[in-house]
Structures are given as C-alpha cells and as structure tokens.
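Protein chains in written order, with our numbering: chain A, 76 to 683; chain B, 4 to 238. Ideal placement from N, C-alpha and C gives every residue a C-beta, glycine not left out. A quick note: this is a predicted structure, and the numbers were derived from the prediction, not measured.
Right under this line is the structure:
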C-alpha cells in the first residue's frame, strides 16, 4: 500500500513486513520505518543522506523538492522524489520501491552536471543507515562483512575469497531484537565488483564491506556520479520475524534465484556426494611413488589412507612446481611420466578396483605458445578419455570455458570438475559443481565458509595446505564444525606435512559420522552461526530436507567447558537428542537444549 | 661444419670460499643447507665448456653406453646422432645418471653444488660469471634456442669457464633424498623462461642461485634445456 499526503508532504508505504513514513517537507527524512510483526516504533526522524562535496557537508534539506510522483503497476509501488541544488549543479532522485509483499528498496541516484565543468570528489553518508535500529537498545547487529568476530577479533564468516571482493555473495546487514526474532534485513544490492574509489557510479559494494558498528556509524562512500541518473546507493529492506536464521534463508533465496543449478542435479555427477576423505598426492614423493619400480604404488597409498577411514578420491599431481625447466607442458608431462599415459591408465584402473575415484590436474596457466582455448579443452578431454580418470582438478581456475564441460561430456558421463578455489561468478558456479574450501588462515577456528551455507550442494572439502600439528587440529575442527569433507594433503609439493595418529583417528570417526548422516549434512538449508546462549559458543544447524532430523554442530572456543541451557531448537516438536560426534552430555527440555560442550572441541547433537 | 669444440680442462685454484645460495623458493621449499658456509673450494680441473653433443656422441661411441631406460634420451638427435648444426651446442635430454656415466668414463665427476658456485663466481664471489651486473649480451638468454658453448667469450667466469650463465642449465653431482623425495639442483639458468609466474624460473640466474628439480625417472629427468660439465681432481 502506498499513500501520498500532499498537504503533509508525507508518503506512507506498507507491505506485509514493513511500514514506512517518508517526509519530504524539508529534504527527505524517514519519519519512521517499522517492522509490522512487532509494535515498536523504529528509525524515527532520520535524515536519509548527507553529501560531502568540495569540503562542505550537505543534507537533503539543502536541496529543493522539484517533483514527487507516486504510482504502481501490478506487482510494485513506486514513490519518486526529485531534488535539486542549482548551485551545486546536482540533482538527486530518491525512489521508494515497494514489492507489495515484504520488501522496500530505497534507491538513491545522483546526477552531477559538473558545476565547474569538472567532476569533483563526492562522498555519501546516510544518517538513516548509520543509526539503523529496531529497538535502540539490546539490538543484535549482524554486519554484512562478517558480523561475528571471535575472541581474538577475527572474522568468523569467511567470504568466497579471502583477498578479493569480486564475488556475488554479499550478506545483508541484519538487526534483531534480543530474542533474535523481530528485526530487519537490509541488503545492499550490488552491481559493481570494483572497490576502487570512483571506478563506477554504483558504490553499494563499499557498504557490503561494513563489519562493525563503528564502520556502520561512520560509513563514507565515494560517489562517482555523472550527468545520468544511474543507481548510486541502494538499501533493500525486509522485516523479519525469525531473526538471523530467516534473514540468511531469505538471502540464500534471493541470491540463488539468479542461478540455474541443474548441473548439480545430474545423477552422473552425484558420486562426489558420497565422498568424505579426499587425498592429494604429489607424485614426486614416496607417499605414492615407488622410485625403484618407477610406478605409482596404489596399494601403499590406499593402505596409508585407511588410517583416515579410507580415501574416497585421489588427486594425482605430477606437474607444478616442476613445470618450466624446459618447454614441455602439462600434456607432455603425462606423456613423459614413467610408462606414459598407459601407466596412468593402469594406475586409474587400480584405484577403480578399490572403488577410489581419480582426479587429474589441469593447469590453466600452463599452455604452450601454439595452444588455444580450443586445443587446451581438446587435450584435457583426451587425457580424461585415455586414462579413464573421473574428474579434473582445475587448479587455480575460477572459471572455465563453456566448451570444456561440453568436450568432457562427450567423453563420458560422470566427469566431475573441481578447483582449488571457489568459483566466484554465476556461470562458473553453475558448471563447476565442487571446489576445495581452501584457505590460508592456519588458525581457522572459529570460522565458516559462507559458500558452504549459501550453496550447500556445492560440496567443498576443507583444506589449508600449510597447517602444522596444532593447526591441523583446528582444521579438523573446522571441517567437522561446518560438516565438510576434508582433503588430506601431506606432501605439499615436496614438503612432508603429516597428520598425527590421533588426528587421523578423528578424521576416520568424522568420515563415518558424515556419511551416516549425509542427508542432514548435505541439506539444502543449513543455518550458520545459529543463536546460542553461551559466550564463545558457536553453532551451525543442518536440517534434513524432509524435516526428520536436525544436527546442531557446536564449537566451544572458550577456555572452559560450557554447560547448561545452550539454545532453543529450531523445531520445537523434536523429542529426542543424542550426541553423534564428540564427547558431551545432552538433554532436551521442551524446546531447550541442555548440553556440555568441552573447551576447544566440536560436538554434534542430532535431534529428532 | 668441420670444426668441433674440443674438451679442455681449466685449473680451478684452491681457496676458502663462503658458499651461500639465495634463490626464489617455490612451494615445497628446497630442503638443503644453503649456507653461509666457509668451505675449501678448488684445487681441481673443470671443463672449460659444457659437454657438447659432439663430445657426448664421442662418449657413446667410445664407451658403448646405453641407458637402462631410454625414454626421452637424446630425443633431439636423429638416428642416433646429433644434427651437424648442433654439434657444438650443449648436450641436453640426458639424465643425471647419463651425465654421471659420461663423467666416470673419463675419470671425472660432476661438480657439487658448492663447487659449481665457486667455479662460476671465482674467489671474488662475482654475482655473474663476468661481473656483478647483469648483462644479457654476455650470455644466451631469453632467446629461441641453444647456442654453441663458446659463443660468449666475454661471459666467461674468472677461471675462464664458458657458458656458466644461461644457455643450458647445468646439473650438479648432488642428489638430495629427504626420505620422501629425490631431487637435484640445476645451476646457471637457461635461455628459456616459462611464460607464467608459476613456472620454474629460467633466464640468466646469478651465480648464487640454483633450482630444485624433483627426480622421477626416465623421460621426466631428461630436459631439452639441461646439460652438464665435469671436473677432474688434480693429481
């Protein structure tokens, strides 16, 4: 519903979750923005924006209202306020776009006609955003660029990539009441990946980098306006009644609505879902290579894997960092491997006899001067065909030419593509159905990979290649906490980095638990960092898609055991709880879960 | 062609020498002692030139040498003999094992990594065989192929050794076995450089640098950019 009172110079906008009053009597202010599930008046009398230009601050009150238009079509309602400052040669166009269901988008557009004939630096700040709240006190804030920080101040949610921002998953700002129920989700729909100041007009990406209350309060976003009304800043706001869990699910739905995940539903590729322990072996080492017979010792490698519960896949690696001494490329290396491609075929056959799948590497950066995308794809397909391998490890490749998938499909069904890094963008994520959850932070707990929870069908085994003994303990906890398979990589390009016997045993146990509860762990709607009632306690929830089981994965990052009432169940109809991983005690009292979680350990509690 | 470069030995005077290697470390590290170490070096003879195709051909003819596994062995030759135009190019596509057979046959051996560095850098510890500044006119680097081993007289080391920078890598005697892996070290760089950051670094490498090369066997250990030279103990 949209209602325009021209006398009061206010616009009332309502949908199922929100009610907002916009006042344009002096600039544009938000008189109130409320969550309709509660009765609290929120966000009252807030200036919408400030601009900083040529060393001066301007509010919307420094602009005159030129026009106000309201109207609707069959699905949406729109109010547009046009503001003008002739001295600055600036126009502002502010839209309030209501989807008539649950969401209101506030779109701020700036047209700069360059008062001196030159583009001046301009910065945007929104007092409305800076003070965004539900109740004003006891609100819980979830900041878009990692809302939770560990005791050491580290971010607990790791983005799709640690070092660059050009990925599509940008979480919203979430504000909730103390019960983590009523609240708001405020998303910054972003169309630009570029973080460089002034590189594009759309600067939402800057707001997605907010990671603290201080950054929220003091945000200052460079604008690069020109004389067209392109989107500069956008807030997409929804009222919540089930807190963070609802906000996360909503975000996952919005994000995935642009994707076609049919590749993930292909039966021939689903063998990867039954794999829990993956091995990466460097063929220049005795872990898998016999220097006397000059052949891969399949039996020896698999025997050593039994301590981890058995390897389900093996990635054999015979190239980097050896490539480059001469002109031979990766394809030549397969030819020149002792025994040539026939030996690789024999090796694959031996792995297959033991029900182990084999990945061969593809190195996108290693191509001869005479190679093209086409020949690279042909060479890869030929290699897979000749050796009978089950998949390709795409190394650092974050995207893949469409032709590669097609060429591999022609070889035979069931060839899985995986990569060392998560694909970042739409099409690569649609066709590269697995990747490693690899990261470089050796002290990785408490931490989760956002992609694991946003796109759970993209199964990504955990790995941090340089982990030492203490770090490996954290790595195992990391994999278990997020319910991920794991890559066992002990020979890191010539450096032997083994696991201890105790760690191997823990992974073996995890494999068993993971596969026995695969349908819950591989559910479509896992919830990361579910609200708990104890300090330094973290929880992820995995709900079987048929609703029959919920698994609460709990990690205690504190120095002491956590005991007592730790959380409220998602589903209050559940009647029994049991420990399926870790040493703990658990009791279900109504919808409350009482448990003991040992310090620095992960415990999984299954509730049915 | 008609004029083949002959094997010549140059005496390497004995001296104390501080051996230290500093090089780009690829993932996997380089598991050996890179110094600084105070060592005694020299007091032996060294090949003035790397072993050429013609010299290696003579060796085969004289010794009857046949490798246990011939994958990739002298793959640039045709019908068991080098192309005439390649006679004075450093012999490549030989393994460390092949090279050691050659050296042993002539009562020689390959220099150790420590000896090689002294042979190239001399008592004054030069950064490059010819001096302390890079000078790509004094070696065959970033080019399209190998050149004769005597092509760059101005690039000779203080002891008069030719071709110690670029053209072809040179193998040394060392085989390092850390219990899990076997690798050797390549010296001097070569004319070729891979086109990506992740390729092993070629080009004109300074005297205090080496490259770790994992050994696997057969053709994998024979490269068309890697040759060798020998040394002979003084009597």
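Residue pairing of residue 224 of chain A in beta bridges, as defined by DSSP: A:230. In this structure, residue 506 of chain A and residue 465 of chain A do not form a Cβ contact; the two beta carbons are roughly 17 Å apart against a cut-off of 8 Å. CA-CA distance, residue 80 of chain A to residue 214 of chain A, rounds to 32 Å.
From the beta-carbon of residue 395 of chain A, the residues of chain B found nearer than 7 Å are 201. A:257 is the residue among A:257, A:171, A:135 and A:370 whose C-alpha sits nearest the C-alpha of residue 116 of chain A. If you draw a straight line from the Cα of residue 222 of chain B to the Cα of residue 575 of chain A, it comes to about 36 Å. In the structure shown, residue 89 of chain A adopts extended strand secondary structure according to DSSP, grouped into three states. Going by C-alpha positions, residue 659 of chain A is about 19 Å away from residue 583 of chain A. The beta carbon of residue 30 of chain B falls within 8 Å of a beta carbon belonging to chain A, placing the residue at that interface.
With fewer than 16 neighbouring CB atoms inside 10 Å of its own CB, residue 114 of chain A falls in the exposed class. Here residue 115 of chain B carries a coil assignment [DSSP, helix/strand/coil]. Here residue 177 of chain A carries a coil assignment [DSSP, helix/strand/coil]. In this structure, residue 431 of chain A lies away from residue 470 of chain A, with their beta-carbon atoms at least 8 Å apart.
Taking the Cα of residue 533 of chain A as reference, the smallest distance to any Cα among A:568, A:444 and A:599 is reached at A:599. The three-state secondary structure of residue 427 of chain A, taken from DSSP, is helix. The segment 19-55 of chain B contains, as complete beta strand (DSSP E) runs of 3+ residues, the segments 40-44 and 47-50 (chain order). Interface with chain A (8 Å Cβ-Cβ cutoff): residue 195 of chain B is included. For residue 308 of chain A, the uninterrupted beta strand (DSSP E) run begins and ends at 306-315, by DSSP. Of all alpha-carbon atoms in A:100, A:101 and A:96, the one lying nearest the alpha-carbon of residue 107 of chain A is that of A:96. For residue 228 of chain B, a Cβ of chain A is located within less than 8 Å of the residue's own Cβ. Under the Cβ criterion (8 Å, minimum of three pairs), the segment 641-648 of chain A does not count as touching the segment 13-20 of chain B.
In the structure shown, the three-state DSSP call for residue 405 of chain A is helix. Taken through DSSP and simplified to helix, strand or coil, residue 658 of chain A comes out as coil. Collapsing the DSSP output to three states places residue 499 of chain A in coil. Exclusion of the five residues before and after residue 682 of chain A leaves 625, 649 and 652 as the residues of its chain whose Cβ lies within less than 6 Å of its Cβ.
Along the segment 29-53 of chain B, going in chain order, the ones with a CB nearer than 8 Å to a CB of chain A are 29, 30, 31, 32 and 34.
Residue pairing of residue 296 of chain A in beta bridges, as defined by DSSP: A:199. According to DSSP, residue pairing for residue 159 of chain A in a beta bridge involves A:139 and A:166. If you draw a straight line from the Cα of residue 142 of chain B to the Cα of residue 34 of chain B, it is about 30 Å long. Contact between the segment 256-276 of chain A and the segment 312-328 of chain A is present: 3 or more CB-CB pairs across the two stretches fall below 8 Å. The beta carbons of residue 535 of chain A and residue 526 of chain A sit about 7 Å from each other, so the pair counts as a contact at 8 Å.
Contact annotation for residue 102 of chain B against chain A: no contact, minimum CB-CB distance about 15 Å [criterion: below 8 Å].
Considering only beta carbons, no part of the segment 493-522 of chain A lies closer than 7 Å to chain B. Going by beta carbons, residue 378 of chain A and residue 566 of chain A fall outside the 8 Å limit. Of all residues in the segment 413-426 of chain A, only 413, 414 and 415 place a beta-carbon less than 9 Å from a beta-carbon of chain B. In this chain, the beta strand (DSSP E) harbouring residue 77 of chain A covers 77-80.
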